[in-house]
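Quick note: the sequence shown uses the numbering used here, first residue 798, plus one each step.
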Amino acid sequence: MMEFEYRVVTFGRQVSREESRRALADAAEHDGWELARTRLYVGGARRVWLRRRIVRVPRRWVDAARA
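Below, the structure is given as C-alpha coordinates:
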(Lines of atoms letter the chains of each structure in order from A and count residues from 1; the text may use other names and numbers.)
(Lines give C-alpha, C1' and ligand atoms only; values in the text may rest on other atoms or scores of the structure.)
Protein backbone atom coordinates (compact mmCIF):
# COMPACT_ATOMS: atom_id res chain seq x y z
CA MET A 1 0.00 0.00 0.00
CA MET A 2 1.33 3.42 -0.94
CA GLU A 3 1.72 6.06 1.72
CA PHE A 4 1.50 9.77 1.01
CA GLU A 5 2.46 12.90 2.86
CA TYR A 6 0.22 15.92 2.39
CA ARG A 7 0.81 19.65 2.31
CA VAL A 8 -1.95 22.27 2.36
CA VAL A 9 -1.32 25.55 0.55
CA THR A 10 -3.74 28.49 0.81
CA PHE A 11 -3.82 31.34 -1.69
CA GLY A 12 -5.66 34.53 -0.79
CA ARG A 13 -8.07 36.26 -3.12
CA GLN A 14 -5.39 38.79 -4.13
CA VAL A 15 -3.20 36.03 -5.65
CA SER A 16 -3.87 35.63 -9.36
CA ARG A 17 -4.55 32.29 -10.96
CA GLU A 18 -1.29 32.57 -12.91
CA GLU A 19 0.77 33.18 -9.74
CA SER A 20 -0.80 30.21 -7.97
CA ARG A 21 -0.30 28.02 -11.05
CA ARG A 22 3.37 28.97 -11.18
CA ALA A 23 3.87 28.21 -7.46
CA LEU A 24 2.18 24.81 -7.80
CA ALA A 25 4.18 23.98 -10.93
CA ASP A 26 7.43 24.79 -9.10
CA ALA A 27 6.42 22.58 -6.17
CA ALA A 28 5.61 19.74 -8.56
CA GLU A 29 8.75 20.10 -10.64
CA HIS A 30 11.34 20.59 -7.90
CA ASP A 31 9.89 18.83 -4.86
CA GLY A 32 7.82 16.02 -6.40
CA TRP A 33 4.37 17.18 -5.19
CA GLU A 34 1.22 16.38 -7.15
CA LEU A 35 -2.21 17.96 -6.92
CA ALA A 36 -4.59 15.99 -4.71
CA ARG A 37 -7.50 18.40 -4.21
CA THR A 38 -8.48 22.01 -4.88
CA ARG A 39 -11.13 24.03 -3.09
CA LEU A 40 -12.35 27.51 -4.09
CA TYR A 41 -14.08 29.43 -1.31
CA VAL A 42 -16.81 32.07 -1.55
CA GLY A 43 -14.50 34.97 -0.66
CA GLY A 44 -12.14 34.05 -3.49
CA ALA A 45 -9.54 32.22 -1.41
CA ARG A 46 -8.18 29.01 -2.86
CA ARG A 47 -6.94 26.05 -0.81
CA VAL A 48 -4.89 23.33 -2.46
CA TRP A 49 -3.88 19.93 -1.09
CA LEU A 50 -0.65 18.54 -2.49
CA ARG A 51 0.63 15.02 -1.96
CA ARG A 52 3.77 13.05 -2.64
CA ARG A 53 4.58 9.43 -2.18
CA ILE A 54 6.67 8.33 0.79
CA VAL A 55 9.34 5.90 -0.31
CA ARG A 56 10.35 3.50 2.42
CA VAL A 57 13.83 2.10 1.87
CA PRO A 58 14.55 -1.16 3.67
CA ARG A 59 17.59 -0.97 5.89
CA ARG A 60 20.54 -3.18 5.12
CA TRP A 61 22.27 -4.48 8.19
CA VAL A 62 26.02 -4.53 7.82
CA ASP A 63 27.85 -7.34 9.53
CA ALA A 64 30.02 -5.76 12.24
CA ALA A 65 32.84 -8.24 11.55
CA ARG A 66 33.13 -7.13 7.91
CA ALA A 67 32.92 -3.40 8.64
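Built from N, CA and C at the ideal position, the CB exists for glycine as well.
Task: Entirely enclosed alpha helix (DSSP H) segments - the region 803-861, minimum 4 residues - done: 814-828
TODO: Name the residue from 825, 854, 826 and 836 whose alpha carbon lies nearest to the alpha carbon of residue 810.
DONE: 836
Open item on the list: Between the alpha carbons of residue 819 and residue 826, how many angstroms are there, rounded?
Closed with: 10 Å
Open item on the list: So, at 7 Å on beta carbons, what are the nonlocal neighbours of residue 829 in its own chain, with the 5 sequence-adjacent residues on each side left out?
Closed with: 849
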